[in-house]
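In our numbering, the protein residues as written are 27 to 349.
Below is one structure; the comments refer to it alone.
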Ligand code: 3EB
């Protein structure tokens with residue numbers, strides 16, 4: 027089903043106070059960094075537990091050119107307008123019985139909500155979990171998260187995966203944060219010709235390959251780009267070399283843009299850079315200064331990447347100028 031045209035959707039980094047952003051017409055969501063979500067606040071305001079590395083960090087604003095309604099139902103909150111929906115679920119592992127159980131709870135809630143909503147196409151999802159690399163081999167928490175995510179998606183009959191990010195945080199232990207974008211019209215999956223599709227990763231990375239697409243072409247144009255790291259084929263590369271890892275991640279990003287016939291990142295292309303070791307921030311910025319237009323908004327956060335040897339990962343958006 028094609029459905030009606032969607033309104034405009036955009037994401038930007040903003041320095042205004044949260045109340046100012048929430049009061050703007052068309053605000054779908056506001057993300058604040060380095061803090062937990064405030065209790066009983068506007069459901070559109072999500073606190074992200076990862077520490078910003080360039081204080082004062084801006085907030086992230088999701089906007090639509092339409093009227094927005096919102097609500098909350100326990101651990102899940104949503105807002106919708108113009109054919110777009112923001113959904114967030116936050117779960118504590120202690121209350122759910124461990125990382126796999128918590129992930130199952132979060133995904134079951136999220137997927138059921140999306141399937142029952144007018145914005146039933148899941149396009150983009152972020153997963154932030156504590157101590158993502160704790161546990162050895164197949165007991166690693168990221169791998170257990172992948173098991174649960176796959177089970178929930180299979181139970182909902184999802185066979186076409188959204189773009190995604192899965193990154194660790196060092197905030198409240200055991201707090202799982204999942205948030206997502208869905209829409210009333212579907213997008214188009216975009217894979218990276220330099221990389222094996224994640225859902226086809228071989229067994230060595232865990233019992234369940236990660237269920238995500240490298241990028242999602244949004245129904246009204248624009249590209250939502252998944253967490254992108256120094257992975258070629260299915261292998262991590264440049265272990266221990268932060269400069270080379272950033273260069274490889276940027277090369278992967280540029281390949282995605284080329285595949286979508288999109289021009290280079292610009293002022294409407296907010297990128298988020300997840301940095302394992304905060305002391306690498308300067309080296310990372312040096313490489314990014316070399317490869318990105320200075321107008322490209324970027325936000326560095328401390329975040330642990332899901333493979334231990336990976337030191338940096340970049341996700342983001344490219345709005346406008348669509349082919
Ligand atoms: C990779 O390329 C790096 O499990 O949702 C990137 C983006 C990665 C999303 C996920 C994992 C995920 O495999 C890791």
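Think of the CB as a built atom: it goes at the ideal place given N, C-alpha and C, for glycine as much as any other residue.
All values reported here derive from a predicted model rather than from experimental measurement.
Check	Outcome
Expected contact under 8 Å - CB spacing of residue 116 and residue 61 to nearest Å	Between residue 61 and residue 116 the Cβ distance is about 13 Å, and since that is not below 8 Å, they are no contact.
Selected residue, minimal CA-CA separation from residue 75, among 85, 68, 66	85
Residue 238 beta carbon near the ligand 3EB (any heavy atom closer than 7 Å)	yes
Simplified DSSP state of residue 304, which is helix, strand or coil	helix
Rounded C-alpha distance that separates residue 57 from residue 268	28 Å
For residue 119, three-class secondary structure by DSSP	helix
Which of helix, strand or coil DSSP assigns to residue 341	strand
Secondary structure of residue 93, DSSP reduced to three states	coil
Neighbour-count burial assignment, residue 45, 16 or more Cβ in a 10 Å radius	exposed
Closest by C-alpha distance to residue 145, when choosing among 172, 123, 113	113
Given 8 Å, three or more beta-carbon pairs between the segment 91-109 and the segment 187-195	no
Residue 332 CB to nearest heavy atom of the ligand 3EB below 7 Å	yes
Rounded straight-line distance, which links the Cα of residue 198 to that of residue 174	21 Å
Residue closest to residue 310, alpha-carbon to alpha-carbon, out of 271, 142, 125	271
Cβ-based neighbour list, residue 126, same chain, cut-off 8 Å, excluding 5 preceding and 5 following	170, 171, 173, 174
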